[in-house]
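Chains A and B supply the protein sequences, listed in that same order. Just so we're aligned, residue 1 is where the first sequence starts under this note's numbering, counting upward by one. Just so we're aligned, residue 1 is where the second sequence starts under this note's numbering, counting upward by one. All residues carry an ideal CB built from backbone N, CA and C; glycine is no exception.
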Amino acid sequence: MKGFRLDRLPGLAVLSAPLVWAVLFLFIPYLIIFTYSFWLKKYPTFIPAFQFGNYAQIFADPQYYQVLLRTGKIALMVTGLSLLLAYPFAYFLVFKVKSSRVRSLLYMAVIAPLWVSYLLRAYIWKTILGSEGVLNSFLVWTGILSAPTDLLLYNQFSMVVTLTYIFIPFMVMPIFTALEKIPRNLVEAAGDLGVPPWGTLAKVIWPLSLPGVIAGATFTFCLTFGDFIAPMLVGGPDGVMIANVITSQYGAALNWPLGSALAVVLLIIVLVIIELSDRLQRKDRIGLG
Amino acid sequence: MIQALNNTLFRRLGAGVFVTMIASILAFLYLPVIVLIVFSFNDSSSLTLPLSGFTWKWYQSVFANEDLLRALRNSFYVASLATVLTLVIGVPAAFALDRLNFPGKTLFRRLVLLPLVLPGIITGISMLNLFKLMGFNLSLETVIIGHATALLSVVVTQVFARLQRLSRSYEEAAADLGAKPWETFFLVILPNIRSAMIGSALLSFTLSFDEIPVTFFLTGRDNTLPMYIWSTMRRGLTPEINAVGTLIIAASLVLIVLSVSLLKADDER
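In structure tokens form, the structure reads like this:
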């Protein structure tokens, strides 16, 4: 067979630009972060060293590990809330909406906000939840509140609402795909055997949709975990997340080594979660044959 | 009989619950957008209810705002060049991942796809480190390189998926008919992956236009539109931002329709 031969000179030509790019702008920069994370801060700059002081500081100083814990907590809340909203929605679309036109229209309606600026989606909630915002003025105008409340904005509540709003399409997409793949005859068989709808959902549909749930939860969790724009806009003093601390180490605090160590920790957490979720999904797939 | 009645009742109730739920999720997603748009036409500088009257003045002030227009131009410049770069680097990268075997392929794949899953801040600071070390001044051009690197993964995944579905027999036929490898690449393969290229180009343009985390670390004195809006926002909220937002939403709508019809054209082929 005279196949397509790109393994000689043209192959090199195709590969060279991407390879140079990947080494120069991906591999080396990651290596630099990793290297910096062992360096020492020495005002006004920093000096090469090999020591674990930056990492020790992250796990010894409550200021840092508490931010990590809080980031995890907020990411979990956003993931949970998104799942709570997205799953019934996707379930309804796949199993209850009869017309495929309506189904794809409703699906598009949830995905479309992804194309609308991320920043705007965070900004909208700032204008809605603020003490001089839309919701407050509405509540005062209608007489539900006598004076505006500042309980709505600049706290973890506003962060969770905003981040859920921003990232929920990432939860809907994989769950929808997973539900669509479930063979209808399995659901019908359960019904024929006298299993009530809730039983079918719990024993047939939910287990089969788990890979989609895991994928959606991973996206939502990781995206929230690394976010620093929403906390700056709608988070208050108790809304500082890990990426905000990294930003300040690279900005005002001018401690790049510590910032790099934090970035390495963030990177490892995200990579471990992705690896775990990958394995879980693979296990599920094998389990189902 | 009672059982049947119960079942019907249950089903009615269930349907009611579901419809309410769908409606409330759509309200959660779209009410805020409506609020944004409504206040861009509201004749008051504070964003509070009740509405005070209709005006175009926020749009007029947007089009008279020199800083904003400059930021808009910068964004077009950055997004266009970043998109071209992602295609120039991304298409060959996807091609290499699909059709070539070379040492370090796994590492290469992981590196290229990493920005897809990593928070933007990591890409931002890692490239900031590099540029500072190389002694580059931060500018729109460093932002372009940052965006291209972050969005490379978008093009690579889409084009790679398309290449995998593309039958090898076309290339073999071309080769059998005496086409040189580069001829096969440009005349057979590229036309066949055109819709994936256009689709991913649209996507990476949109994402670059909207990008903040990488831009935040890599920009010099010049601002892109999202960075400009953001800095305005931190000073205070004005309906002018709502007007810009409404315009951005309108532009996004055009892009959505465009990409959906592109995908449809692809399905019909």
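Reference residue i; option with closest CA among the options
i                      : options                    : result
residue 239 of chain B : A/126, A/178, A/185        : A/126
residue 44 of chain A  : A/252, A/151, A/130, A/64  : A/252
residue 219 of chain B : B/147, B/60, B/40, B/113   : B/147
residue 250 of chain A : B/58, B/124, B/162, B/246  : B/124
residue 162 of chain A : A/184, A/263, A/280, A/224 : A/224
residue 232 of chain B : A/111, A/54, A/123         : A/123
residue 208 of chain A : A/182, A/222, A/189, A/192 : A/182
residue 130 of chain A : A/157, A/206, A/152        : A/152
residue 302 of chain A : A/155, A/113, A/255, A/146 : Lying outside 1 to 289, the shown extent of chain A, residue 302 of chain A is not represented and no answer is given.
residue 30 of chain A  : A/260, A/20, A/73, A/280   : A/260
residue 167 of chain B : B/155, B/187, B/192, B/139 : B/192
residue 255 of chain A : A/238, A/230, A/54, A/19   : A/54
residue 279 of chain A : A/74, A/46, A/236, A/214   : A/214
residue 342 of chain B : B/33, B/29, B/61, B/31     : The question about residue 342 of chain B has no answer, for chain B in this structure spans 1 to 269.
residue 246 of chain A : B/33, B/119, B/35          : B/119
residue 22 of chain B  : A/274, A/107, A/81         : A/107
residue 19 of chain B  : A/64, A/84, A/92           : A/92
residue 67 of chain B  : B/227, B/256, B/213, B/255 : B/227
residue 116 of chain A : B/104, B/91, B/203         : B/203
residue 50 of chain A  : A/273, A/205, A/38         : A/38
residue 237 of chain A : A/17, A/66, A/133, A/46    : A/66
residue 90 of chain B  : B/221, B/196, B/214        : B/196
residue 103 of chain B : A/19, A/76, A/239, A/272   : A/19
residue 272 of chain A : A/187, A/222, A/60         : A/222
DSSP bridge partner residues for residue i (one or two, in chain order)
i                     : result
residue 47 of chain A : A/40
residue 42 of chain B : B/54
Proximity below 8 Å, CB of residue i to CB of residue j
i                      : j                      : result
residue 262 of chain B : residue 160 of chain B : no
residue 246 of chain B : residue 40 of chain B  : yes
residue 71 of chain A  : residue 241 of chain A : yes
residue 171 of chain B : residue 157 of chain B : no
residue 115 of chain B : residue 153 of chain B : yes
residue 228 of chain A : residue 229 of chain B : no
residue 90 of chain A  : residue 179 of chain A : yes
residue 196 of chain A : residue 281 of chain A : no
residue 36 of chain B  : residue 119 of chain A : no
residue 244 of chain B : residue 200 of chain B : no
residue 242 of chain B : residue 71 of chain B  : no
residue 193 of chain A : residue 58 of chain A  : no
residue 158 of chain A : residue 234 of chain A : yes
residue 14 of chain A  : residue 95 of chain B  : yes
residue 274 of chain A : residue 117 of chain B : yes
residue 214 of chain B : residue 173 of chain B : no
residue 40 of chain A  : residue 47 of chain A  : yes
heavy atom of the ligand ZN below 7 Å from residue i C-beta
i                      : result
residue 169 of chain A : Here there are no bound small molecules, and the ligand ZN is not part of this structure.
Neighbour list for residue i in chain E, Cβ cutoff strictly below 7 Å
i                     : result
residue 88 of chain A : Judged by its chain identifiers, the structure shown contains no chain E, and its protein chains are A and B.
Taking 8 Å as the cut-off, does the region 166-181 of chain A touch the region 214-228 of chain A (at least 3 CB pairs, one atom from each stretch)? yes
Contact residues within the region 202-215 of chain A, judged by C-beta distance below 8 Å to chain B: none
Is it true that the region 75-92 of chain B meets the region 198-212 of chain B, where meeting means three or more beta-carbon pairs spaced less than 8 Å apart? yes
Any chance the region 90-110 of chain B sits against the region 223-237 of chain B, with 3 or more Cβ pairs inside 8 Å? no
Does the region 78-90 of chain B come within contact of the region 135-154 of chain B, defined as at least 3 CB pairs closer than 8 Å? Verdict: yes, contact present.
Are the region 266-279 of chain A and the region 99-116 of chain A touching, with three or more C-beta to C-beta distances below 8 Å? no
Any chance the region 114-134 of chain B sits against the region 17-35 of chain A, with 3 or more Cβ pairs inside 8 Å? yes
Contact between the region 48-57 of chain B and the region 132-142 of chain A (3+ Cβ pairs under 8 Å): yes
Could you tell me whether the region 82-98 of chain B touches the region 249-256 of chain B, using the rule of 3 or more Cβ pairs below 8 Å? Between the region 82-98 of chain B and the region 249-256 of chain B there are fewer than three C-beta pairs closer than 8 Å, too few to call the two in contact.
Report the residues of the region 149-168 of chain B with a CB closer than 9 Å to any CB of chain A, ordered along the chain. 149, 152, 156, 168
Taking any Cβ of chain A, which residues in the region 227-252 of chain B have a Cβ under 7 Å from it, in chain order? Look at the region 227-252 of chain B: the residues with a C-beta under 7 Å from a C-beta of chain A are 229, 230, 233, 237, 241, 245, 248, 249, 252.
Below 7 Å between beta carbons is the criterion; list the residues of the region 131-144 of chain A that meet it against any residue of chain B, in chain order. 132, 133, 134, 137, 138, 141
Can you give me, in chain order, the residues of the region 94-120 of chain A that have a beta carbon less than 8 Å from any beta carbon in chain B? 96, 106, 108, 109, 110, 112, 113, 115, 116, 117, 118, 119, 120
Mind checking the region 24-42 of chain A against chain B and listing, in chain order, the residues whose C-beta falls within less than 7 Å of any C-beta there? Within the region 24-42 of chain A, the qualifying residues are 25, 26, 27, 28, 29, 30, 32, 33, 36.
Closer than 8 Å, Cβ to Cβ, to anything on chain A: give me those residues from the region 62-95 of chain B, in chain order. 88, 89, 90, 92, 93, 95
Can you give me, in chain order, the residues of the region 220-235 of chain A that have a beta carbon less than 9 Å from any beta carbon in chain B? Cβ proximity to chain B below 9 Å picks out 222, 223, 225, 226, 227, 228, 229, 232, 233 from the region 220-235 of chain A.
Going along the region 186-200 of chain B in order, which residues come within less than 7 Å of chain A, judged by CB to CB distance? none
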